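Residue numbering for the sequence shown follows our numbering, starting at 76 and increasing by one per position.
Think of the CB as a built atom: it goes at the ideal place given N, C-alpha and C, for glycine as much as any other residue.
Please read these numbers as outputs of a predicted model, since none were measured by experiment.
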Amino acid sequence: MHGGAVARMGKSLWFVPVLCVLAGVVLSFATIALDAASSYDLIPRSVTGGPDAASAILQSIANSMVTLVALVLTVTMVVVQLAMGQFSPRIVATFLQDKPSQLAIGLFVATFAHSMLAMREVDPQANQVPGLTIVVAYLLVLLSIVLLVVYVHHIGRSLRVSSLIELVGTGTRRTLEHTYPDHGDAEVSSVAAGELAAPHSGVLARIDETGLLDIATRAGCVLSVRVPLGAYVPAGARLVHIDGPTHDVDERALTRCLDLELDRNLDHDVAYGMRMLVDIAERSLADSPFLDPTTAVQAIDRLHDCLRQLAPRPFPPEHLRDAAGTVRVVLRRLRWNDYVQLAFHEIRLAGAGSPQVTRRLEEALLDLLEVAPTTRRAVLREQLELLRTTVEHRREGPHDTEVALEPDRQGIGVGRLVEPVRNSPS
Numbered sequence: 076m077h078g079g080a081v082a083r084m085g086k087s088l089w090f091v092p093v094l095c096v097l098a099g100v101v102l103s104f105a106t107i108a109l110d111a112a113s114s115y116d117l118i119p120r121s122v123t124g125g126p127d128a129a130s131a132i133l134q135s136i137a138n139s140m141v142t143l144v145a146l147v148l149t150v151t152m153v154v155v156q157l158a159m160g161q162f163s164p165r166i167v168a169t170f171l172q173d174k175p176s177q178l179a180i181g182l183f184v185a186t187f188a189h190s191m192l193a194m195r196e197v198d199p200q201a202n203q204v205p206g207l208t209i210v211v212a213y214l215l216v217l218l219s220i221v222l223l224v225v226y227v228h229h230i231g232r233s234l235r236v237s238s239l240i241e242l243v244g245t246g247t248r249r250t251l252e253h254t255y256p257d258h259g260d261a262e263v264s265s266v267a268a269g270e271l272a273a274p275h276s277g278v279l280a281r282i283d284e285t286g287l288l289d290i291a292t293r294a295g296c297v298l299s300v301r302v303p304l305g306a307y308v309p310a311g312a313r314l315v316h317i318d319g320p321t322h323d324v325d326e327r328a329l330t331r332c333l334d335l336e337l338d339r340n341l342d343h344d345v346a347y348g349m350r351m352l353v354d355i356a357e358r359s360l361a362d363s364p365f366l367d368p369t370t371a372v373q374a375i376d377r378l379h380d381c382l383r384q385l386a387p388r389p390f391p392p393e394h395l396r397d398a399a400g401t402v403r404v405v406l407r408r409l410r411w412n413d414y415v416q417l418a419f420h421e422i423r424l425a426g427a428g429s430p431q432v433t434r435r436l437e438e439a440l441l442d443l444l445e446v447a448p449t450t451r452r453a454v455l456r457e458q459l460e461l462l463r464t465t466v467e468h469r470r471e472g473p474h475d476t477e478v479a480l481e482p483d484r485q486g487i488g489v490g491r492l493v494e495p496v497r498n499s500p501s
């Protein structure tokens with residue numbers, strides 16, 4: 076068979092399940108042969124039960140495996156449709172090559188084939204029970220349950236946009252390595268040359284500051300992390316610059332202090348949480364400022380709360396010092412201005428046409444101006460001025476502008492609450 080045809084078969088959805096079915100058939104024949112060679116006394120009846128119980132068990136296993144296969148195929152097709160609609164219709168072929176899905180289907184159909192063949196050997200009249208075959212069926216069921224849980228976890232993670240991007244990116248990288256195997260004479264940075272290169276691509280999800288400080292102190296050097304927390308780092312990119320002697324720097328320990336993962340997370344990255352809130356607000360205003368402004372206001376509420384808690388707090392230093400006061404580690408951190416611009420800049424542009432959104436932004440900025448230290452108020456005033464300028468440019472008259480800039484903490488489109496009218500005594 077031509078090599079290209081073999082490669083296409085290996086990438087198809089059915090190839091791995093078919094191999095698993097064949098493996099299940101072979102396993103069933105092998106265990107049946109061992110049972111027959113031992114006169115069906117290899118496993119005690121206390122484990123397998125009598126012929127009627129064994130037959131019922133094998134029938135239940137076969138029925139459950141058919142249900143699981145249908146479930147996995149349905150979930151896979153739903154995920155493919157979601158991926159097509161949300162991201163790209165051209166991602167289908169790549170997603171169908173997902174090995175965990177193929178292995179899950181393969182194990183379930185293999186267990187089904189094994190159970191069906193085992194049922195033939197159960198003979199109530201001869202009081203014949205293939206004990207080893209049934210025990211193997213038990214083990215296959217337990218393995219199927221574990222794989223089902225793993226599959227559900229995997230398919231949930233696969234729906235993340237970062238996972239789909241990584242799926243396509245990894246395939247592209249693999250093709251690139253095959254098509255262009257010669258890397259030429261490109262210089263690869265190393266600890267000996269004063270640079271630590273990223274061992275693989277990923278997002279810088281965690282920085283072990285204590286570990287970096289210990290390494291730098293023992294080696295007598297200064298470690299400068301070139302990228303901030305949450306930044307994407309390509310494989311081979313310079314991750315850490317080492318200033319000073321490098322012979323005592325443990326490259327493995329240094330690499331362990333910097334976790335490169337598939338996606339950002341909320342464990343250490345405050346900006347990522349704020350970024351998600353901004354994304355939610357922008358998505359609710361994507362087609363029209365009036366599409367879902369209430370969702371945008373709810374996101375602004377959380378951003379307001381986070382910034383209000385952050386405003387009076389001190390920020391950790393970018394320079395970490397040893398016990399003697401010598402700078403040993405240099406980090407890149409987000410400062411107060413960065414967080415404020417992250418929280419308000421894009422939402423202001425997306426929601427300037429919605430009075431409900433602009434009122435809530437106005438109130439949030441005014442409240443932050445009251446609680447923020449004097450040194451942190453300039454960026455808030457800047458955002459407030461930008462908000463007012465943007466609203467004025469998008470409104471047709473002074474009345475609309477005044478309404479749109481009326482502070483509103485409730486976020487329901489009402490400015491100052493109107494005092495109820497009291498009925499005059501008759």
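Practice task
Look at the alpha carbon of residue 367 and the alpha carbon of residue 414, and state the distance between them as a whole number of angstroms.
Solution key: 24 Å
Practice task
State whether the stretch 284 to 304 contacts the stretch 247 to 257, with contact taken as three or more CB pairs (one from each stretch) at a distance under 8 Å.
Solution key: no
Practice task
Give me the Cβ distance between residue 144 and residue 184, rounded to the nearest whole Å; I'm assuming they're in contact under 8 Å.
Solution key: 6 Å
Handout entry: Where residue 157 falls: helix, strand or coil (DSSP)
Key = helix
Handout entry: From 336, 326, 271, residue whose alpha carbon lies closest to that of residue 316
Key = 271
Exercise for the section: Select from 122, 152, 158, 192 the residue whose C-alpha is nearest the C-alpha of residue 133. Expected result: 192
Handout entry: DSSP-derived helix/strand/coil call for residue 228
Key = helix
Practice task
To the nearest angstrom, report how far apart residue 293 and residue 354 are at their CA atoms.
Solution key: 43 Å
Practice task
Find out if the Cβ-Cβ distance for the pair residue 418, residue 382 is shorter than 8 Å.
Solution key: yes
Exercise for the section: Could you tell me the distance, in whole angstroms, from the CA atom of residue 406 to the CA atom of residue 297? Expected result: 11 Å
Practice task
Check whether the Cβ atoms of residue 301 and residue 314 sit closer than 8 Å, and answer yes or no.
Solution key: yes
Practice task
Please classify residue 344: is it buried, with 16 or more other beta-carbons within 10 angstroms of its beta-carbon, or exposed?
Solution key: buried
Exercise for the section: Grab me the residues of residue 129's own chain with a C-beta within less than 7 Å of its C-beta, minus the 5 sequence neighbours each way, in chain order. Expected result: 123, 197, 204, 209
Problem - Pairwise C-alpha distance: residue 437 and residue 278 - result: 34 Å
Practice task
Whole angstroms is fine: what's the gap from residue 92's alpha carbon to residue 182's?
Solution key: 7 Å
Practice task
Could you give the DSSP three-state label for residue 305: helix, strand or coil?
Solution key: coil
Practice task
Take residue 348 and list the residues in its own chain whose beta-carbon comes closer than 7 Å to its own, dropping the five residues that flank it on each side.
Solution key: 341
Problem - Simplified DSSP assignment, three categories, for residue 423 - result: helix
Practice task
Only counting runs of 4 or more residues, tell me where the alpha helix (DSSP H) segments fall wholly within the stretch 94 to 125, in order along the chain.
Solution key: 120 to 123
Handout entry: Three-state secondary structure assigned by DSSP to residue 496
Key = Residue placement at residue 496 is flagged as unreliable, the pLDDT there being 43, under the threshold of 50; a coordinate-derived value is accordingly withheld.
Handout entry: Same chain, Cβ closer than 6 Å to residue 266, neighbours up to 5 away in sequence not counted
Key = 321, 324, 326
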